[in-house]
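Position 41 (the sequence shown) corresponds to 41 in the numbering used here; numbering is contiguous.
For every residue, glycine included, the Cβ atom is placed at its ideal position computed from N, Cα and C.
Written below as structure tokens is the structure these notes are about.
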Amino acid sequence: MGMVNIQLKNKHNLVIVSDLVTGEYQKRRVLRPGEKFAIHFYPEAIFDKVTPDEISQVVVTDDIDRVYESDPIKFQRIINDFWQKYKK
């Protein structure tokens, strides 16, 4: 799989360059069936650039250009919750 990107409603992507917890830069990786991947980031990585209303979903593209997308409604709920905590 390729890099994890946050897709905006205007179809541009926000790239989270590295993982907050591990410090590892995003890179191409292999996931086998049943495996998952997470990336952690500071809220500023998103909210210094855009507001929750501009965010659509998380997308990942594989080597043959198949696109994997998060559920936009569930992701929006998560982002809104994240935003409320960030604003405090």
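For residue i, the residue or residues it bridges with in DSSP
i, result
"T61", "V67"
"L20", "In the DSSP output, where bridge partners are listed per residue, L20 has none listed."
Cβ-Cβ separation, residue j to residue i (assumed contact under 8 angstroms), whole Å
i, j, result
"I39", "Q26", "7 angstroms"
"M1", "L31", "6 angstroms"
Beta-carbon gap between residue i and residue j smaller than 8 angstroms
i, j, result
"L20", "F41", "yes"
"V67", "V58", "no"
"V15", "N5", "yes"
Nearest neighbour of residue i, chosen from the options [CA to CA]
i, options, result
"T51", "N80, I16 and G23", "N80"
"K49", "K74, M3, V4 and H12", "H12"
"E54", "Q76, Q84 and I16", "Q76"
"W83", "P43, E35, P72 and I64", "P43"
"I64", "R28, N10 and G34", "R28"
"N10", "E69, P72, E24 and S56", "S56"
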